[in-house]
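*Asks:* One structure follows; several queries about it will come next.
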Amino acid sequence: MTPAEFKAARTAFKKAKEDNKKGIGRNTAAAPAQEKFRKSLNDKIFKRIYKSQRNKGISPDKAEELAQNKTDEIMDGLAALHEPDMSAGGQNHPKPTRAGSTNVNSAIGKSWSYRISTLDKAAQEAIDSGLSDAKMNVQLEVCRNNKKKPQKRKKRNK
Numbered sequence: 001m002t003p004a005e006f007k008a009a010r011t012a013f014k015k016a017k018e019d020n021k022k023g024i025g026r027n028t029a030a031a032p033a034q035e036k037f038r039k040s041l042n043d044k045i046f047k048r049i050y051k052s053q054r055n056k057g058i059s060p061d062k063a064e065e066l067a068q069n070k071t072d073e074i075m076d077g078l079a080a081l082h083e084p085d086m087s088a089g090g091q092n093h094p095k096p097t098r099a100g101s102t103n104v105n106s107a108i109g110k111s112w113s114y115r116i117s118t119l120d121k122a123a124q125e126a127i128d129s130g131l132s133d134a135k136m137n138v139q140l141e142v143c144r145n146n147k148k149k150p151q152k153r154k155k156r157n158k
């Protein structure tokens, strides 16, 4: 993504956020795309589990029940992921690219509030320097709020 594309996506995200009564900046096409993605994923997971149960000799009705319960359990822990995240320049890419842990996705989403200004600034500096069409090279690192001191390893008695 270029700095110009990033800035345009961020501007669209901010405008959508201002216009939305709930203060959400998602692309309006994201919700139906996410619903379609989740339905497709749900169907794939269900079919695999059902087939596995049938291959074990489980009756069709019982296999369907087991597959539905397990599919629901799996889907409850999955979020449809956008790459990049909507708030980080993904405004123009509303279709999810894959599924991942809801807990991890929520943690990443929350971290943007204190990281995004650095990306906004870097994109603007690139634009001001005449590099608006160059590809951005961004490396994000894991943020750790609760830094734990490394524990010393205990010596083992021989």
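Note that UniProt numbering has the sequence shown beginning at 1, numbered continuously upward. Backbone N, C-alpha and C fix where the C-beta goes; we use that ideal spot for every residue, glycine too.
(1) Hey, out of GLU64, SER106, ILE127, LYS21, whose CA is closest to GLY77's CA?
(2) Does the region 99-117 touch the region 130-138, meaning 3 or more C-beta pairs lie closer than 8 Å?
(3) Beta carbon of PHE37, beta carbon of THR71: below 8 Å?
(4) Just reading off the beta strand (DSSP E) that LEU78 is part of, what are its end residues?
(5) With DSSP run on the structure shown, which of helix, strand or coil describes GLY109?
(6) Return the chain-ordered list of same chain residues with a C-beta closer than 7 Å to the C-beta of PRO150, the five sequence neighbours on each side being excluded.
(7) If we call anything under 8 Å between Cβ atoms a contact, is MET136 one with THR2?
(8) According to the Cβ coordinates, are PRO94 and ALA9 closer than 8 Å?
(9) Look at the Cβ atom of ALA126, then the Cβ atom of THR102, and state whether they are nearer than 8 Å.
*Replies:* If we stick to the structure as given:
(1) Here residue 77 corresponds to residue number 77 of the sequence shown, with the count starting at 1. The shortest C-alpha separation from GLY77 is found at SER106.
(2) Counting C-beta pairs closer than 8 Å gives fewer than three between the region 130-138 and the region 99-117, which falls short of the contact rule.
(3) For the purposes of this step, residue 37 is identified with residue 37 of the sequence shown, where counting begins at 1. For the purposes of this step, residue 71 is identified with residue 71 of the sequence shown, where counting begins at 1. No, Cβ-Cβ distance for PHE37 and THR71 is not below 8 Å.
(4) For the purposes of this step, residue 78 is identified with residue 78 of the sequence shown, where counting begins at 1. From DSSP, the beta strand (DSSP E) with LEU78 extends over 78-81.
(5) Indexing the sequence shown from 1 puts residue 109 at position 109. In this structure, GLY109 counts as helix in the three-state DSSP scheme.
(6) What you label residue 150 is simply residue 150 of the sequence shown in a count that begins at 1. Low per-residue confidence applies at PRO150: pLDDT is 48, beneath 50, and the placement is therefore not dependable, though the value from the model is reported in the following sentence. Cβ within range, chain order: n/a, list empty.
(7) Position 136 of the sequence shown, counted from the start, is the residue given in the question as residue 136. Position 2 of the sequence shown, counted from the start, is the residue given in the question as residue 2. A contact, by the Cβ cut-off of 8 Å.
(8) Indexing the sequence shown from 1 puts residue 94 at position 94. Indexing the sequence shown from 1 puts residue 9 at position 9. Result no, Cβ atoms of PRO94 and ALA9 do not sit closer than 8 Å.
(9) The residue labelled residue 126 in the question sits at position 126 within the sequence shown. The residue labelled residue 102 in the question sits at position 102 within the sequence shown. No, they are not a contact pair.
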